[in-house]
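*Asks:* Got a structure here, written out as structure tokens. Questions coming.
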Amino acid sequence: MKEEIIIAGFGGQGVLSMGKILAYSGLMQGKEVSWMPSYGPEQRGGTANVTVILSDEKISSPILQEYDTAIILNQPSLDKFEPRIKKGGTLLYDGHGFVREPKRTDINIYRIDALETSITSNMAKAFNMFILGGLLKIRPIVEIDNVLLGLKKSLPERHHHLLAQNETALRKGMEILIPVHTL
Amino acid sequence: MEEVKLMKGNEAIAEAAIRCGCDGYFGYPITPQSEVLETLMALEPWKKTGMVVLQAESETASINMVYGGAACGKRVMTSSSSPGISLMQEGLSYIAGAELPCVVVNVTRGGPGLGTIQPSQSDYFQTVKGGGHGDYKLITLAPASVQEMSDYLCLAFDLAFKYRNPVMVLSDGLIGQMMEKVQLPDYQLRLTNEQIREKYPWATLGKQGRTKQNIITSLELVSEEMEKVNNRLQQKYREVEANEVRYETFLCDDADYLLVAFGSTARICQKSVELLREEGIKVGLFRPITLYPYPASQILKYAKQVKGMLSVEMNAGQMVEDVRLAVNGLVPVEFYGRYGGMIPTPEEIVKAAKEKLMA
Amino acid sequence: MQIASCLLQNHTIMTLQEIIQPANKVYGKTPLLTDTPMHYCPGCSHGVVHKLIAEVIEEMGIQDITIGIAPVGCAVFAYNYIDIDWQEAAHGRAPALATAVNRLLPDSCVFTYQGDGDLAAIGTAETIHACNRGENIAIFFINNGIYGMTGGQMAPTTIEGMVTSTSPEGRDVMLEGYPLKISNLLTILDGTCYVTRQAVHTPATVIRAKKAIRKAFENTLAKKGTSVVEFVSTCNSGWKMTPHQANQWMAEHMFKAYPLGDLKDQ
Chain A
6 MKEEIIIAGF
16 GGQGVLSMGK
26 ILAYSGLMQG
36 KEVSWMPSYG
46 PEQRGGTANV
56 TVILSDEKIS
66 SPILQEYDTA
76 IILNQPSLDK
86 FEPRIKKGGT
96 LLYDGHGFVR
106 EPKRTDINIY
116 RIDALETSIT
126 SNMAKAFNMF
136 ILGGLLKIRP
146 IVEIDNVLLG
156 LKKSLPERHH
166 HLLAQNETAL
176 RKGMEILIPV
186 HTL
Chain B
3 MEEVKLMKGN
13 EAIAEAAIRC
23 GCDGYFGYPI
33 TPQSEVLETL
43 MALEPWKKTG
53 MVVLQAESET
63 ASINMVYGGA
73 ACGKRVMTSS
83 SSPGISLMQE
93 GLSYIAGAEL
103 PCVVVNVTRG
113 GPGLGTIQPS
123 QSDYFQTVKG
133 GGHGDYKLIT
143 LAPASVQEMS
153 DYLCLAFDLA
163 FKYRNPVMVL
173 SDGLIGQMME
183 KVQLPDYQLR
193 LTNEQIREKY
203 PWATLGKQGR
213 TKQNIITSLE
223 LVSEEMEKVN
233 NRLQQKYREV
243 EANEVRYETF
253 LCDDADYLLV
263 AFGSTARICQ
273 KSVELLREEG
283 IKVGLFRPIT
293 LYPYPASQIL
303 KYAKQVKGML
313 SVEMNAGQMV
323 EDVRLAVNGL
333 VPVEFYGRYG
343 GMIPTPEEIV
353 KAAKEKLMA
Chain C
2 MQIASCLLQN
12 HTIMTLQEII
22 QPANKVYGKT
32 PLLTDTPMHY
42 CPGCSHGVVH
52 KLIAEVIEEM
62 GIQDITIGIA
72 PVGCAVFAYN
82 YIDIDWQEAA
92 HGRAPALATA
102 VNRLLPDSCV
112 FTYQGDGDLA
122 AIGTAETIHA
132 CNRGENIAIF
142 FINNGIYGMT
152 GGQMAPTTIE
162 GMVTSTSPEG
172 RDVMLEGYPL
182 KISNLLTILD
192 GTCYVTRQAV
202 HTPATVIRAK
212 KAIRKAFENT
222 LAKKGTSVVE
232 FVSTCNSGWK
242 MTPHQANQWM
252 AEHMFKAYPL
262 GDLKDQ
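Protein chains in written order, with the numbering used here: chain A, 6 to 188; chain B, 3 to 361; chain C, 2 to 267.
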């Protein structure tokens, strides 16, 4: 098994931390993992992305031309990464703030209204956990127990009181997925 | 052994430093390596091992603090990124001249000038061809993974003390910033001052118990004597060249073509080799681990077997000169590079290999 | 001839061996000063300051724990003259080396010995930050207003109107800036516990200077912070004067810009 994932959006949306939780989940499941962020001013409001690879075998290049799965949280990222999803791959995007919808027909496309749901359910800070829940529903690459362990590992202890809320968001995310185009 | 952890290359440097008995770290923040100092400050090793961590006022001060610490026989280090490493060249020349052991980590970013904060390998020349003034060499290790950031840091200290010479760990923003699994080394005890006195009789710890004063200096105004100092250095470098060459090969035995790459680029090239092999093209990867001493004779060996080599680097063509020197015209040596913070993808290298080697 | 005959009448002639008797000894060189002939020009202040530092180290019995950091400049060979462990720093970087030694060997006694170009030009940042951190070190600062070793160029402390090889018409403050009163500047840093300005051109000033050196070392051992002892000094070669003229010129001109006395003592 090998899953090559790009997560991209605005800085502050939790792009890097979502990738980190995913990587820690892979670690808990005994996988080889790599987490390669775009870094620098992106962390302060620009666009941010992170490449996460989970694999049964040793990972060679942490830098990729194409991805199995893309998680897209803003328009510039959609424009940049939609063409770079492998044929037959998966695109998951948050439905908020897009002026142009994905157009590829050779990939699976899912929408998740995570921003809206996270706000209406008063869990805006767990926004990225809704998305992660959605991803795991489509691509069950790691077991949910390992995600919860990974979450615990990646969160500083002072934030451990938020674990329950994050789990709720994760499970809720699995329910609000909307298939847009499936092969 | 420690449990397997997930961390950034920069964090692995900090964790490994504490574990391998480092006495002191002196550094100054610069992207993309600031996590080294941040991690050390968060881990507070002075409470556990007694290791000193100090944020200096500049990279110039950092490297000179390293000089002062190394002169006491202590295991000391600094880390920085390219512009900061430029500022350290003066100190490195003095440390090499005074024959002191220390470790410097360069998490390279793109230049020249302020350049970019994105990854680069454009400090190759600066590192292996000199950088500072005078005839000196830095033993240079190029890690290609987070695990190797940890492993090579400890190896760097061992080599530094074995040869009384500064050792550079030449990494880049990609390895510094990425997270991977890493197994950290076990804790090694720091040497006591008494142990240092015994092991390193040259150390300036105060005269205590010695009739002769210790002087750490790189100065010798009598030319005949200074030539002797240089002879001694050169003799040491020949010894390093004979004993410390390290490299790695990937699918080289039956290869018709060779990619040559170091550090993070070697990781990317490994995937390019896999892709080319899927097409039935027999390509191998030669990865120098020590950039000084350079595995020249090992590359030459493959020159007798392959039709051509491609040096792949994140710069405008630096290591390729050493590959050409090694091969000495036996086979064509081509170059493919991205620079200014751009990272080549495996597919792009495949394309370049086909165009430059197989066209 | 009269005096000689007088001596012959009243005293028996003594041989050299007879004169060198413990009973006749009125002054001894500290064993911490090595027998290496000093390379300093006759009349230079370095020799006196070296001697005072060596004497204080001996008197305090701290030669086994004292580590000196030598500068670039005329005092680059200080390690040849005082028999303790030494590190030779790059130009201006001595306070950085001393910082590391102080941090890694907290029970040692570390001092730097620096000239004005070293401490107040190229090494200004290292000086200020070591003082500001309050490193437990002593800084001995030779201020002769000139670059001695490189042949008499203008220093940051060169006084207004003073002729040097790079200010042949005299220092013009409109062109070259003002003499840098770095010790005054260091007094406002919370990390310094003792900043004083001394000279070594008369017996009285030598006695006071030696007390200042001792105080600086005592502060270091007591971990009170950074002590700075500036020595307003002569460079008769660089100034193109006889030693005697240089001392007079210093008293007349240098002391106006750099008045002697304690600037800070906590």
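Where is the CB? At the ideal position from N, CA and C, for every residue including glycine.
Is the stretch 38-45 of chain B touching the stretch 83-100 of chain B, taking contact as three or more C-beta pairs under 8 Å?
*Replies:* Not touching, per the Cβ criterion.
*Asks:* Kindly indicate which three-state DSSP category residue 6 of chain C falls into: helix, strand or coil?
*Replies:* Here the question's residue 6 of chain C lines up with position 5 in the third sequence. Here residue 6 of chain C scores only 45 on pLDDT, less than 50, and its place in the model is too uncertain to base an answer on.
*Asks:* Determine contact between the stretch 18-31 of chain B and the stretch 67-85 of chain B, defined as no fewer than three beta-carbon pairs at a distance below 8 Å.
*Replies:* A contact exists between the stretch 18-31 of chain B and the stretch 67-85 of chain B.
*Asks:* Using the beta-carbon of each residue, which ones in chain A are nearer than 7 Å to residue 8 of chain B?
*Replies:* Looking up residue 8 of chain B in the second sequence gives position 6. Simply 28, 29, 32, 38.
*Asks:* Quick one: list the residues of chain D neighbouring residue 85 of chain C, beta-carbon separation under 7 Å, in chain order.
*Replies:* Among the protein chains in the structure shown, which are A, B and C, there is no chain D.
*Asks:* State the DSSP-derived secondary structure class of residue 173 of chain A, mapped to helix, strand or coil.
*Replies:* Position 168 of the first sequence, counting from 1, holds the residue named residue 173 of chain A. Reduced to three states, the DSSP call for residue 173 of chain A is helix.
*Asks:* In chain order, what residues of the same chain lie with their CB nearer than 6 Å to the CB of residue 132 of chain C, ignoring the 5 residues before and after it?
*Replies:* By 1-based counting over the third sequence, the position of residue 132 of chain C is 131. Cβ within range, chain order: 187, 190, 192, 193, 227.
*Asks:* Alpha carbon to alpha carbon, how far is residue 253 of chain B from residue 286 of chain B?
*Replies:* As a position in the second sequence, residue 253 of chain B is number 251, starting the count at 1. As a position in the second sequence, residue 286 of chain B is number 284, starting the count at 1. Cα to Cα, the separation comes out at about 5 Å.
*Asks:* Run through chain B and tell me which residues come within less than 9 Å of residue 67 of chain C, C-beta to C-beta.
*Replies:* As a first step, residue 67 of chain C is located in the third sequence; it is residue number 66 there, counting from the start. Neighbours of residue 67 of chain C on chain B, chain order: 208, 209.
*Asks:* Give the straight-line distance between the Cα atoms of residue 151 of chain A and residue 114 of chain A, rounded to the nearest whole angstrom.
*Replies:* Position 146 of the first sequence, counted from the first residue, corresponds to residue 151 of chain A. Position 109 of the first sequence, counted from the first residue, corresponds to residue 114 of chain A. In a straight line, the C-alpha of residue 151 of chain A is about 26 Å away from that of residue 114 of chain A.
*Asks:* Using only the alpha-carbon positions, how far apart do residue 6 of chain C and residue 25 of chain C sit?
*Replies:* Numbered from 1 along the third sequence, position 5 holds the residue referred to as residue 6 of chain C. Numbered from 1 along the third sequence, position 24 holds the residue referred to as residue 25 of chain C. Confidence in residue 6 of chain C is poor, its pLDDT being 45 and thus under 50, which makes the residue's placement unreliable; the coordinate value appears in the next sentence. Going from the Cα of residue 6 of chain C to the Cα of residue 25 of chain C covers about 24 Å.
*Asks:* May I ask you to report which of helix, strand or coil DSSP gives residue 71 of chain C?
*Replies:* Position 70 of the third sequence, counted from the first residue, corresponds to residue 71 of chain C. Three-state DSSP puts residue 71 of chain C in a strand.
*Asks:* Of all the beta strand (DSSP E) runs that stay within the bounds of the stretch 37-115 of chain A, which reach a length of 3 or more residues?
*Replies:* If we require 3 residues or more, the beta strand (DSSP E) runs fully inside the stretch 37-115 of chain A come out as 37-42, 52-60, 72-77, 90-99.
*Asks:* Restricting to runs no shorter than 4 residues, where is the alpha helix (DSSP H) found entirely within the stretch 203-276 of chain B?
*Replies:* Segments of the alpha helix (DSSP H) lying fully in the stretch 203-276 of chain B: 225-245.
*Asks:* Just the Cα atoms here: how many angstroms apart are residue 334 of chain B and residue 354 of chain B?
*Replies:* Translated into the one-based positions of the second sequence, residue 334 of chain B becomes position 332. Translated into the one-based positions of the second sequence, residue 354 of chain B becomes position 352. Each residue's alpha carbon lies about 14 Å from the other.
*Asks:* Straight-line CA distance for residue 251 of chain C to residue 261 of chain C?
*Replies:* The sequence position of residue 251 of chain C within the third sequence is 250, counting from 1. The sequence position of residue 261 of chain C within the third sequence is 260, counting from 1. Residue 251 of chain C and residue 261 of chain C: Cα-Cα distance of roughly 12 Å.
*Asks:* Report the three-state DSSP secondary structure of residue 78 of chain B (helix, strand or coil).
*Replies:* If you number the second sequence from 1, residue 78 of chain B lands on position 76. Residue 78 of chain B: strand per DSSP, three-state reduction.
*Asks:* Got a sec, what are the start and stop residues for the alpha helix (DSSP H) residue 156 of chain C sits in?
*Replies:* Counting from one through the third sequence, the residue named residue 156 of chain C turns up at place 155. It is not in any alpha helix (DSSP H) - residue 156 of chain C carries neither H nor E in the DSSP assignment.
*Asks:* Pick helix, strand or coil for residue 29 of chain B, following the three-state DSSP scheme.
*Replies:* Stepping through the second sequence from its first residue, residue 29 of chain B is reached at position 27. Three-state DSSP puts residue 29 of chain B in a strand.
*Asks:* Take the Cβ of residue 86 of chain C as the centre, count every other Cβ of all protein chains shown within 10 Å, and call the residue buried at 16 or more, exposed below.
*Replies:* Here the question's residue 86 of chain C lines up with position 85 in the third sequence. Label assigned to residue 86 of chain C: buried.
*Asks:* Please list the partners that residue 176 of chain C has in chain B, where partner means a Cβ-to-Cβ separation under 8 Å.
*Replies:* For this step, residue 176 of chain C is matched to residue 175 along the third sequence. In chain order: nothing, as chain B lies at least about 28 Å away.
*Asks:* Could you give the first and the last residue of the continuous alpha helix (DSSP H) run that contains residue 183 of chain B?
*Replies:* Counted from its first residue, the second sequence places residue 183 of chain B at position 181. No alpha helix (DSSP H) contains residue 183 of chain B, which is instead part of the beta strand (DSSP E) from 181-185.
*Asks:* Please return the same chain residues whose Cβ sits closer than 7 Å to the Cβ of residue 3 of chain C, not counting the five positions on each side in sequence.
*Replies:* Along the third sequence, one-based indexing puts residue 3 of chain C at 2. Residue placement at residue 3 of chain C is poorly supported in this model, since its pLDDT is 48, which falls under 50; the coordinates still yield a value, given next. Closer than 7 Å at Cβ, skipping near neighbours: no residue.
*Asks:* Grab the span of the beta strand (DSSP E) containing residue 289 of chain B for me, first residue to last.
*Replies:* Taking the second sequence and counting its residues from 1, the one referred to as residue 289 of chain B is at position 287. 285-290 is the extent of the beta strand (DSSP E) around residue 289 of chain B.
*Asks:* Whose C-beta lies closer than 7 Å to the C-beta of residue 144 of chain A among residues of the same chain, with five residues either side of it excluded?
*Replies:* The residue you call residue 144 of chain A lines up with position 139 of the first sequence. Closer than 7 Å at Cβ, skipping near neighbours: 8, 74, 95.
*Asks:* Which residues, in chain order, does the stretch 214-245 of chain B contribute to contact with chain C at a C-beta distance below 8 Å?
*Replies:* Taking 8 Å as the Cβ-Cβ cut-off against chain C, the residues of the stretch 214-245 of chain B that qualify are 215, 216, 217, 218, 219, 220, 221.
*Asks:* Taking Cβ positions only, does residue 229 of chain C come closer than 8 Å to chain B?
*Replies:* On the third sequence, position 228 is the one that residue 229 of chain C refers to. No, residue 229 of chain C does not count as interfacial toward chain B.
*Asks:* Cα separation between residue 237 of chain C and residue 149 of chain C?
*Replies:* As a working note, residue 237 of chain C is residue 236 in the third sequence. As a working note, residue 149 of chain C is residue 148 in the third sequence. In a straight line, the C-alpha of residue 237 of chain C is about 9 Å away from that of residue 149 of chain C.
*Asks:* From the DSSP output, read off the bridge partner residues of residue 115 of chain C.
*Replies:* For this step, residue 115 of chain C is matched to residue 114 along the third sequence. BP columns for residue 115 of chain C point to C:142.
*Asks:* Less than 8 Å between CB atoms is the rule here; does residue 109 of chain C satisfy it with respect to chain B?
*Replies:* As a working note, residue 109 of chain C is residue 108 in the third sequence. Yes, because at least one Cβ of chain B sits closer than 8 Å to the Cβ of residue 109 of chain C.
*Asks:* Along the alpha helix (DSSP H) that carries residue 101 of chain C, what are the first and last residues, could you check?
*Replies:* Position 100 of the third sequence, counting from 1, holds the residue named residue 101 of chain C. Counting along the chain, the alpha helix (DSSP H) containing residue 101 of chain C begins and ends at 95-105.
*Asks:* Just to check, is the beta-carbon of residue 45 of chain A closer than 7 Å to a non-hydrogen atom of the ligand FAD?
*Replies:* Judged by which ligands are present, the structure shown has none, so any question about the ligand FAD falls away.
*Asks:* Below 8 Å on the Cβ atoms is my guess for residue 219 of chain B versus residue 80 of chain C; work out the distance and round it to an integer in Å.
*Replies:* Along the second sequence, read from residue 1 onward, the residue named residue 219 of chain B stands at position 217. Along the third sequence, read from residue 1 onward, the residue named residue 80 of chain C stands at position 79. Confirmed, about 7 Å.
*Asks:* For residue 146 of chain A, count neighbouring Cβ atoms within 10 angstroms of its own Cβ and tell me buried if that reaches 16, exposed if not.
*Replies:* Here the question's residue 146 of chain A lines up with position 141 in the first sequence. Its Cβ being crowded by 16 or more others within 10 Å, residue 146 of chain A is buried.
*Asks:* Leaving out five residues on either side along the sequence, give the residues of the same chain with a beta carbon under 6 Å from the beta carbon of residue 182 of chain A.
*Replies:* Locating residue 182 of chain A in the first sequence gives position 177, where the first residue counts as 1. For residue 182 of chain A, where only same-chain residues beyond five positions count, the Cβ hits under 6 Å are 115, 117, 139, 142.
*Asks:* Would you kindly work out how many angstroms separate the C-alpha atoms of residue 8 of chain C and residue 227 of chain B, rounded to a whole number?
*Replies:* What you label residue 8 of chain C is simply residue 7 of the third sequence in a count that begins at 1. What you label residue 227 of chain B is simply residue 225 of the second sequence in a count that begins at 1. Here residue 8 of chain C scores only 49 on pLDDT, less than 50, and its place in the model should not be relied on; the value that follows carries that caveat. Looking at the two C-alpha atoms, the distance is approximately 52 Å.
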